[in-house]
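If you number the sequence shown the way our numbering does, the last residue is 595 and the count never jumps. The beta carbon of each residue, even a glycine, is placed where N, CA and C say it ideally should be. This report concerns only the one structure given below.
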Amino acid sequence: MNNSRSAKVQKILRLEGRAAAQRARYESALVQIAPARHRAEQLRQHALALKVTLRPHELAQLRRARSGV
């Protein structure tokens, strides 16, 4: 039955198949990294919560540390 399809149609079907497989690999990878992304966001939120409690001299220390001084 493949013989009755034009080369362009066959190529389109191959490309669609490859795209579907790539999409499945991508979605599988997203599932694997979701917990790490969630943990990273939790850590960022915790750092932000601590930052708002800093006194002015501590905030200055943080800024200097971030600038590499």
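Rounded to whole angstroms, L556 and V578 show a C-alpha spacing of 32 Å.
Between A575 and I538, the alpha-carbon positions lie close to 52 Å from each other.
In the displayed model, G543 falls within a helix according to three-state DSSP. Here S554 carries a helix assignment [DSSP, helix/strand/coil]. Remark: C-beta atoms of L580 and L569 do not approach each other more closely than 9 Å.
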